[in-house]
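Single-structure report; data block below.
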Amino acid sequence: MPRDYNHLSREQLVEILQRRDLEANYGLVWERDEIEPEAAINHDYVGLRLDPALSCGPAPWQHLVIEGDNWDALRALAATHQGQVKLIYIDPPYNTGRRDFLYNDRWFEKTHRYRHSVWLEFMYKRLLLARELLAPDGAIFVSIDDNELFNLGLLMNKVFGEENFIANCIWQKAFAPKNSAQHFSDDHEYVLVYAANRELWRPNLLPRTEKQDRAFKNPDNDPRGPWTSGDLAARNFYSEGRYPITCPSGRIIEGPPAGSYWRVSKARFEELDRDGRIWWGKDGNNTPRIKRFLSEVKQGVVPQTLWTYEEVGHTQDAKKQLNEMLPMGRNADVFSTPKPLQLMERILRIGSQPGDLVLDFFAGSGTFGQAVLQLNAASPDAPPRRFILVSNREATAEEPEKNLCRDICAERLRRAIAKLGAHPTAGFAYAVAERIPRHRMVEKLPDALVWSFAQLAHDHPLTLFTRPLAQSRRGAHLLLYAPRASASAVRAVEAALANHAGPATLYTWSPDDYAHLAGRIVVRVPEALLAAFRQGTAGAARAVAQNNEVPVVGPAPASL
Ligand SMILES: C[S@@+](CC[C@H](N)C(=O)[O-])C[C@H]1O[C@@H](n2cnc3c(N)ncnc32)[C@H](O)[C@@H]1O
C-alpha cells in the first residue's frame, strides 16, 4: 500500500529522502519496520535450569538438550561457548506457508504479505548468534528447500561472508516421482554449507563405500591387489607430454590424441611401466593407462555435492526411523518433518571429528542427537562427540500443553541410548532456558542457573547444584560454587582446596570472604555472568544495530 506523505513537514520529507539515499542498493533487504520485533538480544539474561527428572543417565552429563525458543538458548550459549562449536547443523522451518513457521506465537500463512521478511528477520538474528558460537575452523550446514533457498543464500552471505561459502549440496529426499505434481515432482532439498573461515576449514574425507571399492579389480593378479586405471592423456598443456609410445604388441602410438598431452614425461612413463603400473589391455595392444591401487588411494573420498537417497536415506526412511524409536500408532504424524539418520551421519562425518562439540538448534525430534550417539557407540575407543540440541515445546493456543522437546526429542534420545547399550558418556542433561529480567539479576539469580553457567563456561560436564558447595572436576581443574559465605560453606571450600593441587576456580556472591585463598581464582557473581552474557551477545547486537541503522539527519541542504 502506498504511504501517505501529505501530513509530513518539509524536514520530515527531507529526512526520509536522505535515509533512502543511504540505503543499500545491492544485497538483501527486508521489511523490518513492518514486523513486530522480538525482544532485544540482551534485553534480559538467559540461564539454563537443569531438570534432573528429565535428564538421562547419571551425572556428570556430557550432552545437553535445551528446551525453549532457540533465541533464548543461543543467547545463553553465547555467554559460555563463544568460538567453541565445531559443527552447527540446522533444519529450520522452510516457511512453506503450511503452518510450519511460528513467530511471536503466530503461524505464517502463504498469503501473509511480510512472510519472507518475518522469516528473514527470524533467521538473521539466530544466525548472527550462531556465528558467535562457531569455532574458527568450524562450519554450519543448513537444510532448506525451494521456498527460501535464494533468500537464505543471500542471508548466509551477509552473516558468514560470501567468501566463506563452501557448497550447496543436493539431497535426494524422495525415492519415487510424485505423479500428482502439477508441474515437476519435487525430489530434492538442499544443504547449504558455510565455513566460519574458508581458509581454515577442511572437510573430513568420507569412508569409501563398497560400491566405490567395487570399481577396483585385479584382472592381471597384481600382487599389490585390486586397482583401477586412469587416462594417461589430459588436456592440460605439458611441455614434456608429447612422444610416441610402442605397445607390447608392437603397435606404435604416435602421440596423445589431438589437443591433449601425456600426463607424465617419457622417463617417468618408462619407470611406471617397469614397475608394472601401466595397463596395456589384455592383449597388450591398448592405449596405455595408469594403474591406481586401492591400497594406495586416500583412505577416504572427498565429499561430493550430490547426495542420493541410497547413500543418505529419504523422507520415508526418516519417518520410519523415528517411529522405530517412538512408535506412535495413530499419532504417527505427531512429528512430520524428521530427517534421516544417514543424512545426519554424513554431515557429522564431514564436519566434525571424535571429541568435537556439535550443535543443532532446530532439533525437532532429535535425529541429529541420535546420529551422534550412534557414531559414538560405533567407535567406543575414540573420544565421544558431544552434542547440544535445542528443541522447543511447539505449544500453541490450540495445544498449550504440547512439549515436543520433552516428549519427542528427549524421549527419542533416551530410547536410543537404551537401545545402543550403556555407554559411559551417552547420558544427557535436560535444561530449560529461563529468562531473568535484568532488574532481578542482582539478588534473585537462582543458584542452579549460576552453577550451570559456571560448568558450561569452563567446559565441565554438567552436574546438579548442591548446597552449601557445588563442585566438579575436569582433568586437573576443580570448579566450585559457594553462593554465600556461611561458616559451613567456607569450611567446605577450604577442605575441597586442601585436597587439590591443580588449578581451581571458585564462584561466589561474597568474594571478600574468600580473599585468604591465595593463588586461587575467585569469580564474583552475578557480575561475571552479566559480563559474559553482554560480551557473548555483543557481536550479534552490534550487527543488528548496524543493519537497522537510522542515519543521523543533519540540516536540509539549502538547494533542495
Ligand atoms: C524442520 S523441523 C527440524 C526437524 C529435525 N531436523 C528432525 O530431524 O527432527 C524444525 C523444528 O524447529 C522448531 N522450531 C521452530 N522455531 C523454533 C524456535 N524459535 N526455537 C526452537 N525450535 C524452533 C520447529 O518447531 C520444528 O520442530
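Those letters in the sequence shown? Residues 102 to 661, per the working numbering, in order. Ideal placement from N, C-alpha and C gives every residue a C-beta, glycine not left out. Just so you know, these numbers come straight off a predicted model, no measurement behind them.
In the DSSP annotation of this structure, H540 is not part of any alpha helix (DSSP H), being labelled neither H nor E. When DSSP states are grouped into helix, strand and coil, E372 belongs to the helix group.
Distance between T609 and D105, taken at the CA atoms: about 58 Å.
Beta-bridge pairing by DSSP links S492 to E168. Using a 10 angstroms sphere on the CB of T347, the tally of other CB atoms stays under 16, which defines it as exposed. Between L149 and S492, the CB-CB gap reaches or exceeds 7 Å.
With respect to the 7 Å criterion, E512 and K503 are not classified as neighbours on the basis of their beta carbons.
For T606, the enclosing beta strand (DSSP E) stretches over residues 605 to 609.
Among the bridge pairs identified by DSSP, Q572 is matched with L581. Put simply, the backbone Cα of A177 is about 27 Å away from that of T438. Look at the beta carbons and you see the segment 333 to 346 not touching the segment 403 to 414: under three pairs across the two are nearer than 8 Å.
Excluding residues up to 5 positions away in sequence, C348, S350, R352 lie with their Cβ nearer than 6 Å to the Cβ of N386 in the same chain.
Sorting A639, P627, Q273, P159 by C-alpha distance to the C-alpha of G414 places Q273 at the top.
Taking C-alpha positions only, V365 is separated from R309 by approximately 28 Å.
Distance from F462 to L175 at the Cβ level is roughly 6 Å; contact confirmed, criterion being Cβ atoms closer than 8 Å. Counted as a single uninterrupted DSSP element, the stretch harbouring L333 is not any beta strand (DSSP E), since DSSP gives it neither H nor E. Under the rule that a run must span 3 or more residues, the beta strand (DSSP E) segments found entirely inside the segment 167 to 234 read 186 to 191. Distance from the CA atom of D614 to the CA atom of T181, rounded to whole angstroms, is 26 Å.
Look at the beta carbons and you see the segment 130 to 140 not touching the segment 187 to 197: under three pairs across the two are nearer than 8 Å.
DSSP, reduced to helix, strand and coil, places G465 outside both helices and strands of the structure shown, so it counts as coil. Per the coordinates, the alpha-carbon of C270 lies some 14 Å from the alpha-carbon of L253.
Cβ neighbours of V459 within its own chain (closer than 8 Å, five residues either side excluded): V186, K187, L188, I189, Y190, L449, G452, S453, F469, V473, R486, R487, F488, I489. Closest option to S589, judged by alpha-carbon separation, among G603, A571, T606: A571.
For Q273, there is no enclosing alpha helix (DSSP H); the residue is part of the beta strand (DSSP E) that begins and ends at 266 to 273. Looking at the backbone, the Cα of E222 and that of W363 are separated by about 55 Å.
The continuous alpha helix (DSSP H) containing E628 extends over residues 628 to 648. Annotation for Y146: no alpha helix (DSSP H) segment contains it, though the beta strand (DSSP E) segment containing it runs 145 to 151. For V594, there is no enclosing beta strand (DSSP E); the enclosing alpha helix (DSSP H) covers residues 588 to 599.
For the pair L151 and A530, the CB atoms are nearer than the 7 Å cut-off.
Residue H213 holds the alpha-carbon nearest to the alpha-carbon of E132 among H213, N171, R207, P153. Ranked by how close their Cα comes to the Cα of E263, the residues L129, S611, G331 have L129 in first place.
At a Cβ-Cβ threshold of 7 Å, L580 and S587 do not count as neighbours. The alpha-carbon separation between R199 and A297 amounts to approximately 33 Å. According to the DSSP assignment, R378 belongs to no beta strand (DSSP E), since it is labelled neither H nor E. Under a 10 Å Cβ-count criterion, N322 is classified as exposed, with fewer than 16 other Cβ atoms of the shown protein chains found around its own Cβ. For R513, the enclosing alpha helix (DSSP H) begins and ends at 512 to 521.
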